[in-house]
Amino acid sequence: MIEFRTLPERVVPTWFQDGLATFEAFLEPRPLFEADVVLWTVVLVGSALDVVTTMVGTAAGLPEGNAVARAFMTTYGTPGIGALKLVALVALVIAWHYLAEQSARLVLGGFAIVTLVVVGLNTVTLAGL
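Just so we're aligned: the sequence shown equals residues 1 to 129 in the UniProt record's numbering.
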């Protein structure tokens, strides 16, 4: 029969135990309320539409209005706009996870509003071609 032994507490540093507890707390799933589901749906669909309308507009010869997006597209080509949006979404997920419920929902709602405004402007611009 195999005998299992645990390490004495003095062998495992306190800072390591604290870090492990923090990491375990980070991995705990956050409850997803209906409002969050709706906002995440708007953010994800809007982000996809933003990338598509931006790619269509730049392919038609329109300049990118956002300087950061323009730099990404200059450096990485057309996939650069997708990479930039992915970085923004990862930052949004991290912020949403770490903030309190109401603050996280405000950040998510703000991102959704900005995304919808950008998609609307892109669509109006493309309709004028």
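Don't be surprised by glycine CBs; every beta carbon is placed ideally from N, CA and C.
Distance, Cα to Cα, residue 32 vs residue 110?
Residue mapping note: residue 32 aligns to position 32 of the sequence shown, counting from 1. Residue mapping note: residue 110 aligns to position 110 of the sequence shown, counting from 1. Their backbone Cα atoms lie some 18 Å apart in a straight line.
Below 7 Å CB to CB, which residues in the same chain sit around residue 60 once its five sequence neighbours on both sides are set aside?
The residue you call residue 60 lines up with position 60 of the sequence shown. The residues are 129.
Using a threshold of 8 Å, state whether the C-beta atoms of residue 126 and residue 57 are closer than that.
Position 126 of the sequence shown holds residue 126. Position 57 of the sequence shown holds residue 57. Their beta carbons are under 8 Å apart, which means residue 126 touches residue 57 by this criterion.
Within the same chain, show all residues whose beta-carbon is closer than 7 Å to that of residue 82, passing over the 5 residues directly before and after it, in chain order.
Here residue 82 refers to the residue found at position 82 of the sequence shown. Counting only Cβ-Cβ distances below 7 Å, and skipping sequence neighbours, we find 51.
Note down the Cα distance separating residue 53 from residue 45, rounded to an integer number of angstroms.
The residue labelled residue 53 in the question sits at position 53 within the sequence shown. The residue labelled residue 45 in the question sits at position 45 within the sequence shown. Their Cα atoms are separated by approximately 12 Å.
Check the C-beta distance from residue 68 over to residue 112 and give it rounded, since I have them as a contact under 8 Å.
Within the sequence shown, the letter at position 68 stands for residue 68. Within the sequence shown, the letter at position 112 stands for residue 112. With 8 Å as the limit, residue 68 and residue 112 do not qualify as a contact, their Cβ atoms being about 19 Å apart.
In chain order, what residues of the same chain lie with their CB nearer than 8 Å to the CB of residue 116, ignoring the 5 residues before and after it?
Numbered from 1 along the sequence shown, position 116 holds the residue referred to as residue 116. Here the set comprises 42, 46.
By the 10 Å Cβ neighbour count, where 16 or more other Cβ atoms means buried, how is residue 93 classified, buried or exposed?
To locate residue 93, count along the sequence shown from 1; it is residue 93. So residue 93 ends up on the exposed side.
Is residue 108 closer than 8 Å to residue 131 when the C-beta atoms are compared?
The chain is shown from 1 up to 129; residue 131 falls before or after that span and cannot be answered.
By alpha-carbon positions, which one of 71, 48, 88, 73 ends up nearest to residue 119?
As a first step, residue 119 is located in the sequence shown; it is residue number 119 there, counting from the start. Selected option, being the one with the closest Cα: 48.
Under the rule that 16 or more other beta-carbon atoms within 10 Å means buried, what is residue 84, buried or exposed?
Residue numbering aside, residue 84 sits at position 84 when the sequence shown is read from its first letter. So residue 84 counts as buried.
For the alpha helix (DSSP H) holding residue 59, just list the boundary residues, first then last.
Position 59 of the sequence shown, counted from the start, is the residue given in the question as residue 59. Per DSSP, residue 59 belongs to the alpha helix (DSSP H) from 34-59.
Out of curiosity, what's the CA-to-CA distance linking residue 27 and residue 114?
Position 27 of the sequence shown, counted from the first residue, corresponds to residue 27. Position 114 of the sequence shown, counted from the first residue, corresponds to residue 114. Cα to Cα, the separation comes out at about 29 Å.
Roughly how many angstroms separate the alpha carbons of residue 75 and residue 66, rounded to a whole number?
For this step, residue 75 is matched to residue 75 along the sequence shown. For this step, residue 66 is matched to residue 66 along the sequence shown. Distance between the alpha carbons of residue 75 and residue 66 is about 14 Å.
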